[in-house]
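Asker: Numbering (our numbering), first residue to last: 7 to 451. Here a beta-carbon is modelled for each residue, glycine too, at the ideal position from N, C-alpha and C. Being a predicted model, the structure only gives us computed values, none of them experimental.
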Ligand code: ASP
């Protein structure tokens, strides 16, 4: 049967249109209706706020059950516990390496273009209260939960990962006696993935409202004094996202970056509109498995781990921001300082969860390490919300790239799925069900 995919606009296309029209509407409201209390109270803080927040909450709602169940089934499907150590080692190495490359790239670009030159101090806000970044030793200690239920209730990702890994290993080692538990989790995984797919179909509305609300509140007037900072940041983010990841995919993974980026557009839109790698986990996981062909045994581990410890976009922000703040305060950074920034930012990304605005807390830590005032963060805060959205998209691109690379190296990447532009599209579902039923009928004949 010939499939006709043109009948309906694809979901990704709908999400893209929602993003652009939401952004334009938000800007228009900001420009022309900032004083209109009806628009402010009922449309922006009312409708957009309610629908947008419900959308993000519904994604967050899926994160803990999905990571828990998917990781348990992933570990058990590996069968071989040694493979787990190997995948973990590769993931850690690649995540740290790509983050270090990201921040090195950011520092080089920032030093070359000096975004702080000519910046007028009086244009800036000066209020910023730095949060406390966690110490690395505490991050390590906290990885093991004292109570798995409270870890799940709190959504502590590393703790959930540790518990789920152990649970999965135990099921594998139990063998025949654990079969019922294993079957239960396998079935549950299918059901939870279906929930994610249902929510994805609502994305155009959620994305539209979130973006419209953000742009209505943000406007572009804060951008002007920080235009150079903003542009250097976007250039560094873009270069890493397109350059580094494409090189890795094509040279190391022998995979087409073109197909990869085409297929992850939906993840990028979710990450951009929610500014949270964590809330995007369900979409990232579904996309790398169903659209890119990564096996659950790898993806269920690398995706939540990446959303927690891998933040290339955030590291880039720290590099550019450090150079910017140093330049505005007239401080010369030495080679030693740059190395300290690379090391601190790479390590800091491990300890902080992928939620909106967390990058600023990490930045405070990096600035402190090289003796720059944390109040400097106030200078850049005006454009940080917008940059947070962009860097979160880069963060999740890194998670998806590393997942594909590891899956490929473990023979756990189905390249027929990766290379099929239509694979895993939600809008194909009806046809896939038809095809399945037809083949069942054929078999019965
Ligand atoms: N919002 C980013 C993320 O969720 C983290 C940050 O840079 O603030 O990945």
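Taking DSSP as the reference, what is the three-state secondary structure of residue 419?
Answerer: Reading the chain shown from its first residue, position 413 is the one you call residue 419. Residue 419: strand per DSSP, three-state reduction.
Asker: For residue 149, is the classification buried or exposed, using 16 other Cβ atoms within 10 angstroms of its Cβ as the cut-off for buried?
Answerer: By one-based count along the chain shown, residue 149 stands at place 143. Answer is exposed; the Cβ neighbour count stays below 16.
Asker: Confirm, please, whether the CB-CB distance from residue 354 to residue 372 is below 8 Å.
Answerer: The residue you call residue 372 lines up with position 366 of the chain shown. The residue you call residue 354 lines up with position 348 of the chain shown. Taking 8 Å as the Cβ cut-off, residue 372 and residue 354 qualify as a contacting pair.
Asker: Exposed or buried, which one is residue 414 when buried takes at least 16 other CB atoms within 10 Å?
Answerer: Taking the first residue of the chain shown as 1, we reach residue 414 at position 408. By the 10 Å Cβ count, residue 414 comes out buried.
Asker: I need the straight-line Cα distance from residue 408 to residue 339, nearest angstrom please.
Answerer: On the chain shown, residue 408 is found 402 positions in, with the first residue counted as 1. On the chain shown, residue 339 is found 333 positions in, with the first residue counted as 1. Between the alpha carbons of residue 408 and residue 339 lies a distance of about 32 Å.
Asker: Would you kindly report the start and end of the unbroken alpha helix (DSSP H) that includes residue 25?
Answerer: Stepping through the chain shown from its first residue, residue 25 is reached at position 19. Residue 25 -> alpha helix (DSSP H) spans 17-38.
Asker: Under the assumption that residue 389 contacts residue 229 (Cβ atoms under 8 Å), give the Cβ distance between them as a whole number of angstroms.
Answerer: By 1-based counting over the chain shown, the position of residue 389 is 383. By 1-based counting over the chain shown, the position of residue 229 is 223. With a Cβ gap of about 6 Å, residue 389 and residue 229 count as contacting.
Asker: Cβ of residue 178 within 8 Å of Cβ of residue 87?
Answerer: Counting from one through the chain shown, the residue named residue 178 turns up at place 172. Counting from one through the chain shown, the residue named residue 87 turns up at place 81. One thing to note: residue 178 has its Cβ within 8 Å of the Cβ of residue 87.
Asker: Please classify residue 300: does DSSP put it in a helix, a strand, or coil?
Answerer: The residue given as residue 300 occupies position 294 in the chain shown. Note: residue 300 maps to strand in three-state DSSP.
Asker: Drop a sphere of 10 angstroms on the beta-carbon of residue 268, count the other beta-carbons inside from all chains shown, and report buried for 16 or more, exposed for fewer.
Answerer: Position 262 of the chain shown, counted from the first residue, corresponds to residue 268. Burial call: exposed.
Asker: Once you ignore the five residues that flank residue 122 on each side, which residues in its own chain have a CB closer than 6 Å to its CB?
Answerer: In the chain shown, counting from the first residue as 1, residue 122 sits at position 116. Correct list, in chain order: 330, 333 and 334.
Asker: Hey, out of 66, 223 and 117, whose CA is closest to residue 38's CA?
Answerer: In the chain shown, residue 38 corresponds to position 32, counting from 1. Nearest option by C-alpha distance: 223.
Asker: In whole angstroms, give me the CA-to-CA distance for residue 454 and residue 44.
Answerer: This structure does not reach residue 454, given that the chain is present from 7 up to 451, and the question cannot be answered.
Asker: Exposed or buried, residue 9, counting other C-beta atoms within 10 Å across all chains shown (16 or more means buried)?
Answerer: The sequence position of residue 9 within the chain shown is 3, counting from 1. Bear in mind that a pLDDT of 46 at residue 9, under 50, signals an unreliable position, so the number given afterwards is only what the model happens to contain. Residue 9 should be labelled exposed.
Asker: Does any heavy atom of the ligand ASP sit closer than 7 Å to the C-beta of residue 362?
Answerer: As a position in the chain shown, residue 362 is number 356, starting the count at 1. Yes, the ligand ASP has a heavy atom inside 7 Å of this Cβ.
Asker: Counting only beta-carbon atoms, is residue 123 nearer than 8 Å to chain D?
Answerer: Judged by its chain identifiers, the structure shown contains no chain D, having just a single protein chain.
Asker: For residue 344, which residues from the same chain have a beta carbon less than 6 Å from its beta carbon, with the 5 sequence-adjacent residues on both sides left out?
Answerer: Against the chain shown, residue 344 aligns to sequence position 338. Counting only residues of its own chain and dropping the five nearest sequence neighbours on each side, residue 344 has a CB closer than 6 Å to the CB of 113.
Asker: Which word fits residue 428, buried or exposed, when buried means at least 16 other C-beta atoms lie within 10 angstroms of its C-beta?
Answerer: Numbered from its first residue, the chain shown carries residue 428 at position 422. Classification of residue 428: exposed, given that the 10 Å Cβ count is below 16.
Asker: So, do the region 275-290 and the region 395-408 have three or more beta carbon pairs nearer to each other than 8 Å?
Answerer: yes
Asker: Measuring alpha carbon to alpha carbon, tell me which residue in 21, 216 and 243 is nearest residue 402.
Answerer: Locating residue 402 in the chain shown gives position 396, counting from the first residue. Ranking 21, 216 and 243 by Cα distance to residue 402 puts 243 first.
Asker: Would you tell me roughly how many angstroms separate the C-alpha atoms of residue 160 and residue 64, rounded to the nearest one?
Answerer: Your numbering for residue 160 matches position 154 in the chain shown. Your numbering for residue 64 matches position 58 in the chain shown. Each residue's alpha carbon lies about 16 Å from the other.
Asker: For a test of your reading of the model: does the CB of residue 397 fall under 7 Å from any non-hydrogen atom of the ligand ASP? Yes or no.
Answerer: Position 391 of the chain shown, counted from the start, is the residue given in the question as residue 397. Correct: residue 397 has its Cβ closer than 7 Å to the ligand ASP.
Asker: Three or more beta-carbon pairs under 8 Å between the region 154-173 and the region 74-82, yes or no?
Answerer: yes
Asker: Keeping to the same chain, check which residues put their C-beta closer than 8 Å to that of residue 19; ignore five residues upstream and five downstream.
Answerer: Mapped onto the chain shown, residue 19 falls at position 13. For residue 19, where only same-chain residues beyond five positions count, there are no Cβ hits under 8 Å.
Asker: Taking Cβ positions, are residue 297 and residue 199 nearer each other than 8 Å?
Answerer: Sequence index remark: in the chain shown, residue 297 carries index 291 (1-based). Sequence index remark: in the chain shown, residue 199 carries index 193 (1-based). In this structure, residue 199 does not lie closer than 8 Å to residue 297 by Cβ.
Asker: Evaluate contact between the region 204-219 and the region 92-103, counting only Cβ atoms and requiring at least three cross-stretch pairs below 8 Å.
Answerer: No, they do not touch.
Asker: Enumerate in chain order the residues of its own chain whose CB-to-CB distance from residue 22 is below 8 Å, with the five nearest sequence positions on each side excluded.
Answerer: Sequence index remark: in the chain shown, residue 22 carries index 16 (1-based). Excluding residues within five positions, the ones whose Cβ falls inside 8 Å are 271 and 275.
Asker: Nearest to residue 218 by CA position, among 47, 102, 54 and 321, is which residue?
Answerer: Numbered from its first residue, the chain shown carries residue 218 at position 212. Selected option, being the one with the closest Cα: 54.
Asker: Residue 306: buried (16+ other C-beta within 10 angstroms of its C-beta) or exposed?
Answerer: As a position in the chain shown, residue 306 is number 300, starting the count at 1. With 16 or more Cβ atoms within 10 Å of its Cβ, residue 306 is classed as buried.
Asker: Taking the straight line between their C-alpha atoms, what separation do you get for residue 11 and residue 215?
Answerer: As a position in the chain shown, residue 11 is number 5, starting the count at 1. As a position in the chain shown, residue 215 is number 209, starting the count at 1. Any reading at residue 11 is ruled out, since the residue's pLDDT is 48, under 50, leaving its predicted position unreliable.
Asker: So for residue 160, helix, strand or coil by DSSP?
Answerer: On the chain shown, position 154 is the one that residue 160 refers to. In the structure shown, residue 160 sits in a helix (DSSP, three-state: H, G or I).
Asker: Using 7 Å as the cut-off, classify the Cβ of residue 371 as near or not near the heavy atoms of the ligand ASP, replying yes or no.
Answerer: In the chain shown, residue 371 corresponds to position 365, counting from 1. Outside the cutoff, so no.
Asker: By the 10 Å Cβ neighbour count, where 16 or more other Cβ atoms means buried, how is residue 40 classified, buried or exposed?
Answerer: Working through the chain shown from its first residue, we reach residue 40 at position 34. Exposed.
Asker: Check whether the Cβ atoms of residue 202 and residue 72 lie closer than 8 Å to each other.
Answerer: Locating residue 202 in the chain shown gives position 196, where the first residue counts as 1. Locating residue 72 in the chain shown gives position 66, where the first residue counts as 1. For residue 202 and residue 72, yes; Cβs fall inside 8 Å.
Asker: Need the endpoints of the alpha helix (DSSP H) that residue 46 sits in, please.
Answerer: Taking the chain shown and counting its residues from 1, one reaches residue 46 at position 40. First-last for residue 46: undefined, no H or E at that position.
Asker: Indicate, with yes or no, if the ligand ASP has a heavy atom lying under 7 Å from the CB of residue 282.
Answerer: Position 276 of the chain shown holds residue 282. Remark: the C-beta of residue 282 is in contact range of the ligand ASP, defined as less than 7 Å to any heavy atom.
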